[in-house]
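Using this note's numbering, read the sequence shown as starting at 2 and increasing by one per residue. In what follows, a structure is listed as structure tokens, so that the remarks can point back to it.
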Amino acid sequence: MWRALVGDIRSPGSSESRLFAVAVRFGLLAKLVTVGLCTVLGVVATTGSARTAIAVIGSSLVVWLLLRLRGLPDAIALCGDVALAALVGLSAFWLGPPTVISWGARVAFLCAVVAHYDWPRSARAAWAVSFAAIGGYAAGTVAVGPLPEALGLTALLTIHTALARVVFVVLRATARAVDHAHERIAEQQRQAAVATARRLAEREALATLHDTACTTLMMVSTGAAQSDASWLPARARRDLDALRRRTEITGVVDLADMLHEAEFDHRVRLAAGISGPLPTSARAASAILYGVREAVVNVAQHAGTDVARLRAGRTGDTVWVELVDNGRGFDPAQLPARHRGIADSIQGRCAMAGATATVRSAPGRGTTIRWEVDAAGSDAPARPPNNLARFIKERMFDGYRAGLLCVVLTELVVACVKQIADGGMGGFAAWALLAVVGAGLSVSMVTGRPIAGPLRRLGLVAIGAASVVITPAVPDDPVLLGTHWYVGLVGWFVIVLLLDLPLPVIGVVLAAHAGWLMALVAVHGGSAQDLAAVGLVPVGVTGFQFAVAAALVLIRRSATEAAQLAERDEAMRREAAVAAHTHADHTRRYAELSREAVPLLTGLADGTLDPNSEETRTRCAIEAARMRVLFAERDAADDTLIHELRAAIDVAERRGLTVHLAVRGKPLAIPRDVRRTLIQAVLNGVLTARTSARITVLRTGTHVRLSSYCDDAVHTAGPPPSHPDVDISTDTEGGALWVQATWPPTPARPPARTSTTAPPETPEAPGRTARTETAAGRSAERSLSP
Numbered sequence: 002m003w004r005a006l007v008g009d010i011r012s013p014g015s016s017e018s019r020l021f022a023v024a025v026r027f028g029l030l031a032k033l034v035t036v037g038l039c040t041v042l043g044v045v046a047t048t049g050s051a052r053t054a055i056a057v058i059g060s061s062l063v064v065w066l067l068l069r070l071r072g073l074p075d076a077i078a079l080c081g082d083v084a085l086a087a088l089v090g091l092s093a094f095w096l097g098p099p100t101v102i103s104w105g106a107r108v109a110f111l112c113a114v115v116a117h118y119d120w121p122r123s124a125r126a127a128w129a130v131s132f133a134a135i136g137g138y139a140a141g142t143v144a145v146g147p148l149p150e151a152l153g154l155t156a157l158l159t160i161h162t163a164l165a166r167v168v169f170v171v172l173r174a175t176a177r178a179v180d181h182a183h184e185r186i187a188e189q190q191r192q193a194a195v196a197t198a199r200r201l202a203e204r205e206a207l208a209t210l211h212d213t214a215c216t217t218l219m220m221v222s223t224g225a226a227q228s229d230a231s232w233l234p235a236r237a238r239r240d241l242d243a244l245r246r247r248t249e250i251t252g253v254v255d256l257a258d259m260l261h262e263a264e265f266d267h268r269v270r271l272a273a274g275i276s277g278p279l280p281t282s283a284r285a286a287s288a289i290l291y292g293v294r295e296a297v298v299n300v301a302q303h304a305g306t307d308v309a310r311l312r313a314g315r316t317g318d319t320v321w322v323e324l325v326d327n328g329r330g331f332d333p334a335q336l337p338a339r340h341r342g343i344a345d346s347i348q349g350r351c352a353m354a355g356a357t358a359t360v361r362s363a364p365g366r367g368t369t370i371r372w373e374v375d376a377a378g379s380d381a382p383a384r385p386p387n388n389l390a391r392f393i394k395e396r397m398f399d400g401y402r403a404g405l406l407c408v409v410l411t412e413l414v415v416a417c418v419k420q421i422a423d424g425g426m427g428g429f430a431a432w433a434l435l436a437v438v439g440a441g442l443s444v445s446m447v448t449g450r451p452i453a454g455p456l457r458r459l460g461l462v463a464i465g466a467a468s469v470v471i472t473p474a475v476p477d478d479p480v481l482l483g484t485h486w487y488v489g490l491v492g493w494f495v496i497v498l499l500l501d502l503p504l505p506v507i508g509v510v511l512a513a514h515a516g517w518l519m520a521l522v523a524v525h526g527g528s529a530q531d532l533a534a535v536g537l538v539p540v541g542v543t544g545f546q547f548a549v550a551a552a553l554v555l556i557r558r559s560a561t562e563a564a565q566l567a568e569r570d571e572a573m574r575r576e577a578a579v580a581a582h583t584h585a586d587h588t589r590r591y592a593e594l595s596r597e598a599v600p601l602l603t604g605l606a607d608g609t610l611d612p613n614s615e616e617t618r619t620r621c622a623i624e625a626a627r628m629r630v631l632f633a634e635r636d637a638a639d640d641t642l643i644h645e646l647r648a649a650i651d652v653a654e655r656r657g658l659t660v661h662l663a664v665r666g667k668p669l670a671i672p673r674d675v676r677r678t679l680i681q682a683v684l685n686g687v688l689t690a691r692t693s694a695r696i697t698v699l700r701t702g703t704h705v706r707l708s709s710y711c712d713d714a715v716h717t718a719g720p721p722p723s724h725p726d727v728d729i730s731t732d733t734e735g736g737a738l739w740v741q742a743t744w745p746p747t748p749a750r751p752p753a754r755t756s757t758t759a760p761p762e763t764p765e766a767p768g769r770t771a772r773t774e775t776a777a778g779r780s781a782e783r784s785l786s787p
């Protein structure tokens with residue numbers, strides 16, 4: 002607490018910065034207006050040398066405040082504030098004996114209290130100005146007046162200054178708490194944004210990989226380039242560009258131009274009818290273009306026709322693209338999960354870009370795919386309200402009200418002491434009513450209930466009743482009226498009760514209280530000088546209270562600006578974090594592709610690889626199968642290992658191979674990198690077969706073994722994958738190839754001779770194990786059997 006009261010403030014957040022900015026303007030303007038009015042009233046209420054002193058000192062202070070508003074260096078501003086605060090305090094030498102309604106007391110109060118808002122970033126500077134005002138006032142009043150009154154007024158001024166500091170500390174702590182809470186929320190949102198962006202980037206990368214490299218390698222592996230390979234180099238170069246590209250195009254593009262300039266599968270003759278321009282967001286246009294390319298490939302591979310119609314146009318605010326073929330068609334509901342072209346490349350990618358893709362097809366009735374997206378420039382849905390601004394308003398408002406309530410409770414205790422000294426039942430009754438209101442406000446703040454509705458109405462009624470009860474007990478003498486505890490306390494109650502209402506409402510209630518004070522003097526025949534002297538009280542106290550309320554309302558209104566500032570800063574940090582993580586992910590993915598996929602595509606693009614050689618086709622099939630496993634990893638499956646294995650087997654079957662799969666044992670939780678190694682090991686053997694192959698999966702409670710066998714392998718598929726927790730062994734004899742991968746590794750056994758006789762084929766049968774007629778296979782199977 003001591004550090005908060007005397008320490009400097011450093012590195013404020015957005016809400017704290019807004020508090021500082023408003024506090025400085027509030028402090029200077031409040032002093033300027035209040036000092037000006039008090040000076041006018043002081044000149045009217047005094048005569049002789051006192052009037053001259055008030056005019057000279059008051060006008061000097063007004064001029065100085067105007068200079069402060071225009072801006073001065075901190076060192077000069079602080080020296081000037083300290084000097085003038087001390088001069089105001091010492092004005093008692095010219096004004097005579099001290100009273101609570103004297104000009105010197107009112108202006109010294111303003112200098113000492115408002116200093117903590119003038120200098121929000123430096124508590125030391127604020128206390129220097131306050132102590133100058135308090136010290137000067139103490140020296141002046143002790144020198145010219147009775148010692149008890151001088152000490153009492155100095156003590157009162159010190160108490161109000163301490164209260165002002167406490168209120169400011171509460172406000173600053175609230176603003177800091179809001180900033181810290183926002184930082185925590187922003188960090189959570191940043192992490193969520195990064196995770197979302199990485200997932201979207203991963204999905205986009207996999208969709209691009211499916212539409213480009215995987216499709217091209219699949220086509221080469223199935224012999225699509227045997228009759229004509231002229232299309233292959235350009236397609237391979239385009240695939241390489243797509244894999245290297247990381248930055249996402251932004252802005253608005255013409256989808257019609259993109260469709261006209263695009264290259265589609267050479268095996269399909271497209272009848273195009275495109276009506277442009279079609280202004281579309283770049284991301285949606287890219288997603289639709291990739292989807293159309295994938296759909297044309299599907300026509301070439303599955304539709305049984307080489308003709309399709311491509312149309313595009315705009316209806317109202319909707320841009321649409323349609324691809325129609327009259328091929329064999331299919332049932333979308335019966336499409337196998339491993340066929341990912343429609344789900345990922347067409348529909349999934351469009352969904353990520355804010356577009357839609359609808360597939361209509363039936364066996365024997367062709368296929369129609371329609372893409373739709375809002376045209377760029379069409380009315381966008383209304384943005385949801387800024388929850389951050391509301392959060393800042395609510396949190397800061399609670400802090401402001403808590404700080405003011407501290408002032409109310411302290412003033413209430415002081416009022417109790419004064420009332421005990423003054424006596425009188427009317428004063429005690431009024432104090433009791435205010436004490437009940439204070440207790441209700443305290444309970445409401447502690448429990449978090451809003452101060453509104455019945456509680457506010459009861460509080461205002463209690464204040465009105467207290468004013469009626471205490472009126473006969475309030476003295477009509479200007480000096481005694483200015484010292485009465487009720488004069489200043491009521492205004493703070495009003496602000497706490499009405500703080501969330503419009504500022505004019507607060508001003509009207511405070512003005513009614515000031516009018517009540519003036520009426521008390523006027524009805525008892527007070528002179529113009531008496532009214533001017535009493536006017537110093539509402540101007541110096543009630544006017545200051547209104548200025549405090551106005552400042553708090555302004556700070557609350559600035560919450561939206563603070564939220565926008567915080568959101569802008571956080572958006573920059575979020576974008577930087579997303580960019581850093583997605584760049585790292587892209588670099589990692591490209592490094593993985595550079596091991597095999599990029600060299601294959603480069604060789605196909607520059608002609609150094611023969612797409613019709615058996616070795617090239619096998620390498621392409623192995624890499625395409627590895628990619629298919631990557632695609633399958635995103636699916637939710639009960640048995641992830643078998644699901645991903647089937648996705649890879651699909652590549653072998655598209656090459657015309659017959660693959661028999663036998664599975665035994667229940668699914669185990671296997672790390673993803675281990676699954677990749679197990680699957681890749683056996684596929685390196687299966688994809689070298691000419692006609693058929695067999696894969697066996699054997700799982701116990703602690704081990705998993707995958708083995709593959711083919712008796713007509715054409716060559717070795719290169720070095721097997723490696724993993725520290727996976728044991729891979731390969732046996733060959735003649736044309737037979739046997740591969741086994743085990744996780745975790747089993748103890749080493751002496752190598753066994755491999756039989757040249759191929760094991761009989763066993764059809765896929767869940768729950769049964771295909772028998773492998775090799776010594777090594779039988780030995781390993783016995784070691785893993787339950």
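Backbone N, C-alpha and C fix where the C-beta goes; we use that ideal spot for every residue, glycine too.
Item                                                                                                                                                                        : Value
Using only the alpha-carbon positions, how far apart do Gly20 and Pro505 sit?                                                                                               : Reading the sequence as shown, one finds Leu at residue 20 and not Gly. The straight-line gap from Cα to Cα measures roughly 22 angstroms.
I'd like the list of long-range same chain contacts for Gly43, defined as Cβ closer than 6 angstroms, with 5 residues on each side in sequence excluded.                    : Ile55, Trp104
Going by C-alpha distance, which of Leu490, Ser468, Phe494, Pro503 is nearest Trp517?                                                                                       : Ser468
Which residue marks the beginning of the beta strand (DSSP E) containing Ser1, and which one marks its end?                                                                 : Residue 1 lies beyond the stretch modelled for the chain, which goes from 2 to 787, so this question has no answer here.
Under 9 angstroms between the Cβ atoms of Leu679 and Tyr710?                                                                                                                : no
May I ask you to check if the CB of Leu207 is nearer than 8 angstroms to at least one heavy atom of the ligand SAM?                                                         : As far as ligands go, the structure on display features none, and thus does not contain the ligand SAM.
For a quick check, are the C-beta atoms of Arg700 and Val664 less than 9 angstroms apart?                                                                                   : yes
Is Val322 closer than 9 angstroms to Val298 when the C-beta atoms are compared?                                                                                             : no
Any idea if Leu70 is buried or exposed, counting beta-carbon neighbours within 10 angstroms, 16 or more meaning buried?                                                     : exposed
Under 9 angstroms, do Asp82 and Ala133 count as touching if we go by C-beta distance?                                                                                       : yes
Hey, would you say Ala653 sits closer than 9 angstroms to Ala622, going by beta carbons?                                                                                    : yes
From Gly604 to Arg589, what does the alpha carbon distance come to, in whole angstroms?                                                                                     : 22 angstroms
Taking the alpha-carbon of Arg656 as reference, which of Trp432, Gly428, Gln302 has the nearest alpha-carbon?                                                               : Gln302
At the level of alpha carbons, what is the spacing between Arg618 and Pro612?                                                                                               : 6 angstroms
Please report the straight-line C-alpha distance between Asp345 and Arg575, rounded to a whole angstrom.                                                                    : 27 angstroms
What does the alpha-carbon distance come out to for the pair Leu405 and Ala151?                                                                                             : 28 angstroms
So, does the stretch 271-281 touch the stretch 307-314, judging by three or more C-beta pairs under 8 angstroms?                                                            : yes
Could you check the C-alpha separation between Ala165 and Ala580 for me, to the nearest Å?                                                                                  : 47 angstroms
Out of Ala174, Phe169, Arg629, which has the shortest C-alpha to C-alpha gap to Thr217?                                                                                     : Arg629
Within the chosen definition, does the stretch 142-149 reach the stretch 90-97 through at least 3 CB pairs nearer than 8 angstroms?                                         : yes
Over the uninterrupted beta strand (DSSP E) stretch that includes Ile370, give me the two end residues.                                                                     : 368-375
Which residue spans inside the stretch 215-281 form an unbroken alpha helix (DSSP H) run of at least 4?                                                                     : 216-222, 233-245, 256-262
Please list, in chain order, all residues of the same chain as Ser693 whose beta carbon is under 6 angstroms from its beta carbon, the five residues on each side excluded. : Thr659
Can you name, in chain order, every residue of its own chain whose Cβ lies under 6 angstroms from the Cβ of Thr213, other than the five neighbours on each side?            : Asp240, Ala243
Which term fits Gly702, buried or exposed, when burial requires 16 or more other beta carbons within 10 angstroms of its beta carbon?                                       : exposed
Alpha carbon to alpha carbon, how far is Glu615 from Arg691? Give it in angstroms, no decimals.                                                                             : 10 angstroms
Since Val488 and Ile464 should fall inside the 8 angstroms C-beta cutoff, what is the C-beta to C-beta distance between them, to a whole number of angstroms?               : Actually they are not in contact, since the Cβ atoms of Val488 and Ile464 sit about 13 angstroms apart, beyond 8 angstroms.
Look up Trp739 in the DSSP assignment and give the residues it is bridged to.                                                                                               : Tyr710, Asp732
What does DSSP give as the partner residues of Arg312 in its beta bridges?                                                                                                  : Gly274, Glu323
Assuming Val63 contacts Gly37 (C-beta within less than 8 angstroms), just tell me the rounded distance between them.                                                        : 6 angstroms
According to DSSP, is Ala694 helix, strand or coil?                                                                                                                         : strand
Select from Ala742, Leu502, Ile496 the residue whose C-alpha is nearest the C-alpha of Thr697.                                                                              : Ala742
Determine the direct distance from the alpha carbon of Ala638 to that of Thr306, and round the result to whole angstroms.                                                   : 34 angstroms
According to the neighbour-count rule (16 or more other Cβ atoms, all chains shown, within 10 Å of its Cβ), is Glu264 buried or exposed?                                    : exposed
What residue from Ala226, Tyr118, Met353, Ile507 has the CA that sits closest to Arg204's CA?                                                                               : Met353
Specify, as a first and last residue, the run of the alpha helix (DSSP H) that His161 falls within.                                                                         : 148-210
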